[in-house]
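Shown next, in structure tokens, is the structure this report addresses.
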Amino acid sequence: MGWLDRVEDQVDALTHARALQEASRSAESYALLERVIRNTTDPAARADAMVQRLSALINLGRTAEFTRAIEEASAAVRDLAEPYLHGHLNALAALAAHHQGALDRCVTHLVKAARALGAVEDPDRDTAWGWHDLAMAYSYLSFHGYALGAIERARQLGLTAGIPEETFAAPGIRLRNAVALDHNGDSDGCLRVLRDVAADLARFMNAGRAGRLRPSSLAAYGYAAARQAALGDRVESGGDGDPSRLLSHGGDSARARDMRQLGQVCLAVAAGRPIEAVTRLDSIRVSTETLGAAEPARLRSIALARAGDHVAAHRADRLAFRLAAQRNDRLRDVYIDGIAARIDHEEMRREAARFEGEALTDPLTGLPNRRRLERYITAVVTRGERVVIGVCDLDGFKAVNTRHGHHSGDLVLQRIAGVINRVMRRGDFVARYGGDEFVVVLPDTGMTEAAEVARRIEAAVHAEDWESLVPGTPVGVSIGFAEVSGGGGLRDALSIAFEEADREMLRAKSRPRAS
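Quick note on full-length UniProt numbering: the sequence shown kicks off at 1 and runs consecutively.
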């Protein structure tokens, strides 16, 4: 059962509003959603409409209205125990915060969105769109590896829900990756990515599936082709793949409008009219968030170089590089501030624990912590139920922290928590025991079933795209299970079971792995 199956009012209108936004007709969707908000008394329908309304405002670029829309949507969603809705709202709030230049809030919303969407028990097409919007937010913040991972999650969920692959092609994500490479001096890398984007479009067109591409995707394909041409590659002209024709798509999307204007600059450069390109740059106004603040300066540099004014081209190129570096500096400051805030939070949590007792939830992963795990196992064993305990220890985690830092390590732990939760059976219990160690509890289960659970966990961890999250540092898991014996005292039985499971985990870790 998906999210909309639980909404009792205005379902047809909410479904139609989604379809309008997918077709880049966000103004129409916004008007329809306003009517739903005015007329419905169903809290779920109202919350869904407000989340969708925020999406429409972002698509339309109506930045001044973001804050009020987020506040109203948050109030409507707050009391609904629906992870999808919280995840999608946070993904959209991250996009909005990015467009408002509030990078600290953006990063906070990204983390909340990933946790909430990862906790959805019955993912459907709406969950897929939530992951899509989270991928877009990652992309705009230049977290390109995370963006690619999230859009792949959206694509897989979408395929399961009957959404065609090309709906989540998301060429804009790789386009932003490409121009970021160029802004930082790697034009060859930029061209490699742009050629891959062009190859994907050709594949869809050759298969007769280009008509299923979203209008905003067509505009992104158009800009990718125009940008490729501006860098000197020969691209197709005429026909459905012509950059000018592709750039004409995008409906009322503010981002597509920006790409249309910048795309004409690229095409003027490619056609040998660099002075026209510079003149166009002087007359247009685009959001710095669409393709980065450095993109107009970089295009100016390319155009001036083609015109033979190499001094001015160098000056414009240095400006582009400086603008790209400023963005990196801002992200660094966000992380420094975030680390300071985390330290403050930990100190406050420890102080509160002195008087109120320890919390029962691990704050990083959202899983039950060690104390709650011990209470749960005690309750199950006291009832006389058969139970198996599994200890899961990550392989390669030390290398992640060493090479990529502890923030990346935290992201790996969050993803592992989501992966294990995703493959467990109904009624199983998962907790973070400490560090990179997780514990699973399988009630009413024997060792044969436990071995199957272990295989599922190992396969799911192996299938994750760790290369995009922490390049060069593969992550695996070693698992050991033991059954809690009913004989003797409860504390002794638990201790013996944990020790045996731990030994089995260490034996698993020492066994050679298939590559």
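Glycine included, every Cβ here is placed at the ideal spot set by N, Cα and C. Only a predicted model underlies this, so the values are computations on that prediction, with no experimental measurement involved.
Problem set entry | Rounded distance between the beta-carbons of A294 and A320, thought under 8 Å | By one-based count along the sequence shown, residue 320 stands at place 320. By one-based count along the sequence shown, residue 294 stands at place 294. Right, the Cβ-Cβ distance comes to about 4 Å (below 8 Å), so this counts as a contact.
Exercise. Are the stretch 171-188 and the stretch 234-254 touching by the rule of at least three beta carbon pairs closer than 8 Å?
Worked result: no
For this session: Just tell me which of L60, K112 and A64 has its CA closest to the CA of P83.
Result: The sequence position of residue 83 within the sequence shown is 83, counting from 1. The residue with the shortest Cα to Cα distance from P83 is K112.
Problem set entry | DSSP three-state assignment for P164, whether helix, strand or coil | Sequence index remark: in the sequence shown, residue 164 carries index 164 (1-based). Reduced to three states, the DSSP call for P164 is coil.
Exercise. How would you call N177, buried or exposed, if buried means at least 16 neighbouring beta carbons within 10 angstroms?
Worked result: Taking the sequence shown and counting its residues from 1, the one referred to as residue 177 is at position 177. Its Cβ being crowded by 16 or more others within 10 Å, N177 is buried.
For this session: Classify G189 as helix, strand or coil using the three-state DSSP reduction.
Result: Sequence index remark: in the sequence shown, residue 189 carries index 189 (1-based). G189: helix per DSSP, three-state reduction.
For this session: Mind the definition here: the stretch 124-131 touches the stretch 82-97 only if three or more C-beta pairs lie below 8 Å; say whether that holds.
Result: yes
For this session: Report the three-state DSSP secondary structure of P83 (helix, strand or coil).
Result: Within the sequence shown, numbered from 1, the residue matching residue 83 stands at position 83. Of the three classes helix, strand and coil, the one that applies to P83 here is helix, per DSSP.
For this session: Could you please give the first and the last residue of the uninterrupted beta strand (DSSP E) stretch that includes A482?
Result: Counted from its first residue, the sequence shown places residue 482 at position 482. It spans G476 to E483 - the beta strand (DSSP E) in which A482 sits, taken as one unbroken run.
Problem set entry | Other residues of its chain near S26: CB distance less than 6 Å, five sequence neighbours each side excluded | By 1-based counting over the sequence shown, the position of residue 26 is 26. These residues qualify, in order along the chain: A56, N59, L60 and D252.
For this session: Would you mind giving the Cβ-Cβ distance between A297 and A270, rounded to the nearest angstrom? I have them listed as a contact below 8 Å.
Result: As a working mapping, residue 297 is identified with position 297 in the sequence shown. As a working mapping, residue 270 is identified with position 270 in the sequence shown. With a Cβ gap of about 18 Å, A297 and A270 do not count as contacting.
Exercise. Going by Cα to Cα distance, which pick from E289, V51 and S24 is closest to D36?
Worked result: For the purposes of this step, residue 36 is taken as the residue at position 36 of the sequence shown. Per the sequence shown, the amino acid found at residue 36 is Val instead of Asp. The shortest Cα separation from V36 among E289, V51 and S24 belongs to V51.
Exercise. Can you find at least 3 beta carbon pairs, one from the stretch 40-49 and one from the stretch 72-79, that sit closer than 8 Å?
Worked result: yes
Problem set entry | CB contact flag (A219, M259, <8 Å) | Taking the sequence shown and counting its residues from 1, one reaches residue 219 at position 219. Taking the sequence shown and counting its residues from 1, one reaches residue 259 at position 259. Cβ atoms of A219 and M259: closer than 8 Å.
Problem set entry | Start-to-end residues for the alpha helix (DSSP H) that takes in D133 | For the purposes of this step, residue 133 is taken as the residue at position 133 of the sequence shown. R125 to Y140 is the span of the alpha helix (DSSP H), which, as asked, contains D133.
For this session: Find out if the Cβ-Cβ distance for the pair G390, G480 is shorter than 8 Å.
Result: Residue mapping note: residue 390 aligns to position 390 of the sequence shown, counting from 1. Residue mapping note: residue 480 aligns to position 480 of the sequence shown, counting from 1. Their beta carbons are under 8 Å apart, which means G390 touches G480 by this criterion.
For this session: Assess, as a yes-or-no matter, whether the stretch 261-268 is touched by the stretch 148-157 under the definition of 3 or more beta carbon pairs within less than 8 Å.
Result: no
For this session: Please name the residue, chosen from L213, D126 and A81, that lies closest to S24 on a Cα-to-Cα basis.
Result: For the purposes of this step, residue 24 is taken as the residue at position 24 of the sequence shown. Out of L213, D126 and A81, L213 has the C-alpha closest to the C-alpha of S24.
Exercise. In chain order, what residues of the same chain have a beta carbon less than 6 Å from the beta carbon of A256, not counting five sequence neighbours either side?
Worked result: The sequence position of residue 256 within the sequence shown is 256, counting from 1. Around A256: S216, A219 and G250.
Exercise. Where do the N-terminal and C-terminal ends of the beta strand (DSSP E) with G389 fall, by residue?
Worked result: The residue you call residue 389 lines up with position 389 of the sequence shown. Note on residue identity: the sequence assigns Ile, not Gly, to residue 389. I389 -> beta strand (DSSP E) spans V387 to D395.
Problem set entry | Entirely enclosed alpha helix (DSSP H) segments - the stretch 54-114, minimum 4 residues | 66-77 and 83-99
Exercise. Tell me the DSSP bridge mates of P443?
Worked result: For this step, residue 443 is matched to residue 443 along the sequence shown. Bridge partners of P443: V387.
Exercise. Alpha carbon to alpha carbon, how far is L141 from E500?
Worked result: Position 141 of the sequence shown holds residue 141. Position 500 of the sequence shown holds residue 500. Approximately 45 Å between the Cα atoms of the pair.
Exercise. Taking the Cβ atom as the reference point for each residue, do S139 and G172 lie within a distance shorter than 8 Å?
Worked result: Counting from one through the sequence shown, the residue named residue 139 turns up at place 139. Counting from one through the sequence shown, the residue named residue 172 turns up at place 172. Yes.
Exercise. CA-CA distance, A180 and T279?
Worked result: The residue you call residue 180 lines up with position 180 of the sequence shown. The residue you call residue 279 lines up with position 279 of the sequence shown. One C-alpha to the other measures close to 24 Å.
Exercise. If you run the structure through DSSP and keep just helix, strand and coil, what is R432?
Worked result: Position 432 of the sequence shown, counting from 1, holds the residue named residue 432. In this structure, R432 counts as strand in the three-state DSSP scheme.
Exercise. What residues match up with T361 in a beta bridge as DSSP calls it?
Worked result: Taking the sequence shown and counting its residues from 1, one reaches residue 361 at position 361. BP columns for T361 point to P368.
Exercise. Are there three or more Cβ pairs, one per stretch, closer than 8 Å when the stretch 376-395 is compared with the stretch 446-455?
Worked result: yes
Exercise. Does DSSP put E464 in a helix, in a strand, or in coil?
Worked result: For the purposes of this step, residue 464 is identified with residue 464 of the sequence shown, where counting begins at 1. E464: coil per DSSP, three-state reduction.
Exercise. Given a threshold of 16 other Cβ atoms within 10 Å of its Cβ, counted over all protein chains shown, does L134 qualify as buried or as exposed?
Worked result: Sequence index remark: in the sequence shown, residue 134 carries index 134 (1-based). With 16 or more other Cβ atoms within 10 Å, it is buried.
For this session: Have a look at R306 and R300 and give me their C-alpha separation to the nearest angstrom.
Result: Numbered from 1 along the sequence shown, position 306 holds the residue referred to as residue 306. Numbered from 1 along the sequence shown, position 300 holds the residue referred to as residue 300. R306 and R300: Cα-Cα distance of roughly 10 Å.
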